[in-house]
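Chains A and B, in that order, give the protein sequences. The first sequence begins at 161 in the working numbering and counts up by one. The second sequence begins at 161 in the working numbering and counts up by one. C-beta: ideal position from N, C-alpha, C; glycine also. If you're wondering where the values come from, they're calculated on a predicted model, not measured in any experiment.
There are 2 protein chains.
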Amino acid sequence: MYKLEKSGSPLYMQLYMQIKEDIVNNILKANTKLPSIRKMSSDYKISKTTVESAYSQLYAEGYIESHPQSGYFVSKDIVQNFTSLPIEKSNQQIEKQYKYDFYQAKHSEDVFPKKLWSKLHNKVISSIDFGSYPNKQGDLNLRKELSAYLSESRAVICDEEQIVICSGFSDSMFIISTMLKKFTSSIAIEYPGYNVVQEVFSLQNYKITNIPLLKNGIDLKILKNSKDKLLYVTPSHQYPTGKTIPISKRMELINWACENDAYIIEDDYDSELSYNNRPIPSLQGINDNQRVIYSGTFSKALSPAIRVSYIVLPKKLVPIYKKIFNFSFSGVPIDIQKSLELFIKEGHWDKHIRKMRTLNKKKHDLMKKAIKEYLKDSVSILREGSGLTILIKAKIDMDWEKLFTLLEENSIKVYSTTCDSNLKDNTIYLGFGGFKEDKISIAVESFSKQWFKAAKNTN
Amino acid sequence: MYKLEKSGSPLYMQLYMQIKEDIVNNILKANTKLPSIRKMSSDYKISKTTVESAYSQLYAEGYIESHPQSGYFVSKDIVQNFTSLPIEKSNQQIEKQYKYDFYQAKHSEDVFPKKLWSKLHNKVISSIDFGSYPNKQGDLNLRKELSAYLSESRAVICDEEQIVICSGFSDSMFIISTMLKKFTSSIAIEYPGYNVVQEVFSLQNYKITNIPLLKNGIDLKILKNSKDKLLYVTPSHQYPTGKTIPISKRMELINWACENDAYIIEDDYDSELSYNNRPIPSLQGINDNQRVIYSGTFSKALSPAIRVSYIVLPKKLVPIYKKIFNFSFSGVPIDIQKSLELFIKEGHWDKHIRKMRTLNKKKHDLMKKAIKEYLKDSVSILREGSGLTILIKAKIDMDWEKLFTLLEENSIKVYSTTCDSNLKDNTIYLGFGGFKEDKISIAVESFSKQWFKAAKNTN
Chain A
161 MYKLEKSGSP LYMQLYMQIK EDIVNNILKA NTKLPSIRKM SSDYKISKTT
211 VESAYSQLYA EGYIESHPQS GYFVSKDIVQ NFTSLPIEKS NQQIEKQYKY
261 DFYQAKHSED VFPKKLWSKL HNKVISSIDF GSYPNKQGDL NLRKELSAYL
311 SESRAVICDE EQIVICSGFS DSMFIISTML KKFTSSIAIE YPGYNVVQEV
361 FSLQNYKITN IPLLKNGIDL KILKNSKDKL LYVTPSHQYP TGKTIPISKR
411 MELINWACEN DAYIIEDDYD SELSYNNRPI PSLQGINDNQ RVIYSGTFSK
461 ALSPAIRVSY IVLPKKLVPI YKKIFNFSFS GVPIDIQKSL ELFIKEGHWD
511 KHIRKMRTLN KKKHDLMKKA IKEYLKDSVS ILREGSGLTI LIKAKIDMDW
561 EKLFTLLEEN SIKVYSTTCD SNLKDNTIYL GFGGFKEDKI SIAVESFSKQ
611 WFKAAKNTN
Chain B
161 MYKLEKSGSP LYMQLYMQIK EDIVNNILKA NTKLPSIRKM SSDYKISKTT
211 VESAYSQLYA EGYIESHPQS GYFVSKDIVQ NFTSLPIEKS NQQIEKQYKY
261 DFYQAKHSED VFPKKLWSKL HNKVISSIDF GSYPNKQGDL NLRKELSAYL
311 SESRAVICDE EQIVICSGFS DSMFIISTML KKFTSSIAIE YPGYNVVQEV
361 FSLQNYKITN IPLLKNGIDL KILKNSKDKL LYVTPSHQYP TGKTIPISKR
411 MELINWACEN DAYIIEDDYD SELSYNNRPI PSLQGINDNQ RVIYSGTFSK
461 ALSPAIRVSY IVLPKKLVPI YKKIFNFSFS GVPIDIQKSL ELFIKEGHWD
511 KHIRKMRTLN KKKHDLMKKA IKEYLKDSVS ILREGSGLTI LIKAKIDMDW
561 EKLFTLLEEN SIKVYSTTCD SNLKDNTIYL GFGGFKEDKI SIAVESFSKQ
611 WFKAAKNTN
């Protein structure tokens, strides 16, 4: 007997659930005939439609079978009782909020133009078609705006057909590494360098050659000997050292690529933010735009949380990209693409970059001053003058384990270059982007207290 | 002599550009000493700062070198003249807009709740930290909402730690295929099946085994013989045939996975939209949630343009995922994630799904009626009753080339199952999602005119 209650879930659901339970628990055995719809309906004083709905659901899920002219039967093959186990809750990993976080790729919360972003979003949304898949390579108009910007500001030579809109740097690298698999199975990477490139290309089974950095960029002799046909570099602002590859070396790189039918991935992650000089024109623009895959991002200058990056392909690679990724769509939501298009088109992006340059320079100078004041000559500054971080190296003997323990206890987070690159000589990023201006000095002061506590007593 | 004009770009830029040009054109030869800053300043009646800025930029880019105590010199290694070639414009591929587009994964423009989406976006934006990288797996609160929804609506058993927020289905598949590379190098895929799975896993060098569909799901004997340890299926709503795997077969699949230490990818792309029955409970929820990787998306029920999908990992795979993708961030912008979280939390998602079920059923019935009216018995209906499409097969002799030519000429677009699956027997999707209700009948009528014109005369 089934218990059907007028209150609660729909009657057909109650009937369905109870019959299902009986089948699962083998109370209704295989091949048992179910009462006819008419009989069920009159026995329980419910409508035929209710019984039909319950049977129809059981049928759809395969619990019962329908035999023409003779009715519904419990299916033969319900072989196994099953129960849903209660789920054990995982230990939740709440990310710790630090009092002072010196992360090198972070902006203070006041940097992102929220009101403007909202306004643009409201403006674009009415004309968006949310019902269709968007353009595979990224919205055409956004790509047009980007190509104009890149030409003007980064001396990149391209049209919109060469641009692919991606969901952040690792997505850009996944696309490149997937696209070039048939072309080559190894890549040369500047050393030290940004670890994400190594991670992605390793996951795609590329052999990695580390090309050591000399004073003026990577060691060309080692590159040439490697026989690699793909090179990753950060020519405008080397990561993590901050160096710039001079023009002569750039041309040698281009020549190497031309002579060896090779490609160069130019990662231009933050050079538009350069504040001590004008941004260095891109490597891509030097030559005939056939050998350089240019990679850019909105993470560094606008926001790492909006997840938009892009690559510019040499013309030759465009049809190859289109063929390989014919099934795939840019991962950037259409409203974000349209907002960004308007952001660039209306001139906000240019303004924002100028504002960021000024702001970063101010923060940089405050940080440098604080380092001199509080860390004095216990450190040397390895890199400064651009980006969102100052790179320091200890000049005193340091108990590193003790330092990081003390910092953790005091809710201070600093990052070593070993975390995100293979530069392994105890250099530390002191990122200033995440602090409002008035917090920089006190952050460095707080850091310096633990720093000196962890210094080894060298009496 | 340099020409510096008071109007136009900044003086230092003019000086920098002209010196650079002279160097590039070999007018200023290697090792030439540049005039001192003081001399330049007095010769041109410009400030020392202006000259310094110009020299500093040339230095940063490597055009000149600085020799201590003797000044600036043109660099030795500018080996090659270079010019930026004018860029040839590519042929722009504007996507054709059809008068009647029968695409099977499309919604009419009135379906997406634009006003609500705007409102939610405005609401969440004030509390977002745009300055930091978001959670790697996807926003924690969105994952919590999703896990509650999946448990309630799809009988998926999981907590938020098992969920990864992805940028659409192919991104989901890229993550799974990358994660499982070390576990296996081959995958069994239901045949016919959705082509994107095959594309992604092939790009990742997996060997593909096609497992033919029988009446009640894939052929288990062939699966067992294949020795594969990874299987892709669409158990609730097979693509493209629309079939459902009955409960007995589901349990056999789970048993197969348990016995063989194998994983099943359950692609549950649109079963929440089922309108003839309640949605079939997921395969993932049947067992102990250790063998099924569940894949879901917002593309089918909400919008393909917002690019949000998700996967639910078995607990065992969570640490493996975290280790492999430690460097990578979910590609979904934080404002989209937060808007979506609120969309689910405030109950709009449930309401939306109910609305979509009713609407789709209405459109489906209109389309079916129109097919009977205009195509009469020239076609058989292979699949109906769920999703956004009716699958038809010609019962008359058809000149297919002529048909597609005629359709193209009349701005009508239909899709064959060969376009996105390997079902190759001239079946055609008549998708209804993209039409407003009052356009369905006329769309089918227009299609039918070309259909009968292309029929072979079998006198």
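Mind checking whether residue i and residue j have CB atoms under 8 Å apart?
| i | j | result |
| --- | --- | --- |
| residue 288 of chain B | residue 306 of chain B | no |
| residue 453 of chain A | residue 425 of chain A | yes |
| residue 502 of chain B | residue 271 of chain B | no |
| residue 234 of chain B | residue 197 of chain B | no |
| residue 268 of chain B | residue 591 of chain B | no |
| residue 542 of chain A | residue 578 of chain A | no |
| residue 423 of chain A | residue 467 of chain A | no |
| residue 351 of chain A | residue 370 of chain A | yes |
| residue 558 of chain B | residue 603 of chain B | no |
Taking 8 Å as the CB-CB cut-off, is residue i touching chain B?
| i | result |
| --- | --- |
| residue 427 of chain A | no |
| residue 492 of chain A | yes |
| residue 416 of chain A | no |
| residue 622 of chain A | Residue coverage of chain A in this structure runs from 161 to 619, which leaves residue 622 of chain A outside it and unanswerable. |
| residue 513 of chain A | no |
| residue 397 of chain A | no |
| residue 282 of chain A | yes |
| residue 620 of chain A | The question about residue 620 of chain A has no answer here: the residues shown for chain A are numbered 161 through 619. |
In chain B, which residues lie with their C-beta within 9 Å of the C-beta of residue i?
| i | result |
| --- | --- |
| residue 266 of chain A | 291, 292 and 293 |
| residue 272 of chain A | 288, 289, 290 and 291 |
Against chain A, with Cβ distances strictly below 8 Å, would residue i count as a contact?
| i | result |
| --- | --- |
| residue 231 of chain B | no |
| residue 235 of chain B | yes |
| residue 222 of chain B | yes |
| residue 617 of chain B | no |
| residue 363 of chain B | yes |
| residue 600 of chain B | no |
| residue 372 of chain B | no |
| residue 467 of chain B | yes |
Can you give the Cα-Cα distance for residue i and residue j, rounded to whole angstroms?
| i | j | result |
| --- | --- | --- |
| residue 241 of chain A | residue 491 of chain A | Legend: pLDDT at residue 241 of chain A = 42, less than 50; position of this residue unreliable, value from coordinates given subsequently. One C-alpha to the other measures close to 41 Å. |
| residue 169 of chain B | residue 176 of chain B | 11 Å |
| residue 524 of chain B | residue 486 of chain A | 29 Å |
| residue 300 of chain B | residue 459 of chain A | 21 Å |
| residue 513 of chain B | residue 317 of chain B | 20 Å |
| residue 276 of chain B | residue 461 of chain B | 16 Å |
| residue 576 of chain A | residue 357 of chain A | 18 Å |
| residue 527 of chain B | residue 567 of chain B | 18 Å |
| residue 457 of chain A | residue 328 of chain A | 7 Å |
| residue 216 of chain A | residue 225 of chain A | 10 Å |
| residue 149 of chain A | residue 366 of chain B | Since the first residue shown for chain A is 161 and the last is 619, residue 149 of chain A is missing from the structure and cannot be characterised. |
| residue 349 of chain B | residue 585 of chain A | 49 Å |
| residue 313 of chain A | residue 510 of chain A | 9 Å |
| residue 376 of chain A | residue 443 of chain A | 15 Å |
| residue 383 of chain A | residue 420 of chain A | 11 Å |
| residue 174 of chain A | residue 427 of chain B | 28 Å |
| residue 247 of chain A | residue 475 of chain B | Caution applies to residue 247 of chain A, whose pLDDT of 46 falls short of 50 and renders its modelled position unreliable; the model cannot decide the point. |
| residue 280 of chain A | residue 228 of chain B | 52 Å |
For residue i, go through chain B and note every residue whose CB falls closer than 7 Å to its CB, in chain order.
| i | result |
| --- | --- |
| residue 202 of chain A | Simply none; closest approach about 24 Å. |
| residue 356 of chain A | 487 |
| residue 260 of chain A | Those within 7 Å of residue 260 of chain A in chain B number zero; the least Cβ separation is about 14 Å. |
Just to check my reading of the structure: residue i and residue j have Cβ atoms closer than 8 Å, yes? What is that Cβ distance to the nearest angstrom?
| i | j | result |
| --- | --- | --- |
| residue 172 of chain A | residue 204 of chain A | Not quite, the Cβ-Cβ distance comes to about 11 Å (not below 8 Å), so this is no contact. |
| residue 345 of chain A | residue 397 of chain A | Contact doesn't hold; Cβ gap of about 29 Å is too wide. |
| residue 310 of chain B | residue 539 of chain B | No, residue 310 of chain B and residue 539 of chain B are not in contact; Cβ-Cβ is about 37 Å, not under 8 Å. |
| residue 294 of chain B | residue 465 of chain A | 5 Å |
| residue 574 of chain B | residue 361 of chain B | Residue 574 of chain B to residue 361 of chain B, Cβ: 28 Å. No contact. |
| residue 123 of chain B | residue 405 of chain B | Beyond the ends of chain B as shown, which are 161 and 619, falls residue 123 of chain B; an answer cannot be given. |
Using the beta-carbon of each residue, which ones in chain A are nearer than 8 Å to residue i?
| i | result |
| --- | --- |
| residue 330 of chain B | 487, 488 and 489 |
| residue 404 of chain B | 220, 221 and 222 |
So with CB distances below 7 Å, who are the chain A contacts of residue i?
| i | result |
| --- | --- |
| residue 440 of chain B | 220 and 221 |
| residue 595 of chain B | Here the premise fails: no neighbours, minimum Cβ distance about 10 Å. |
I want to verify the contact list: residues of chain A whose CB lies under 9 Å from the CB of residue i, in sequence order.
| i | result |
| --- | --- |
| residue 227 of chain B | Result: empty, since nearest Cβ-Cβ is about 15 Å, beyond 9 Å. |
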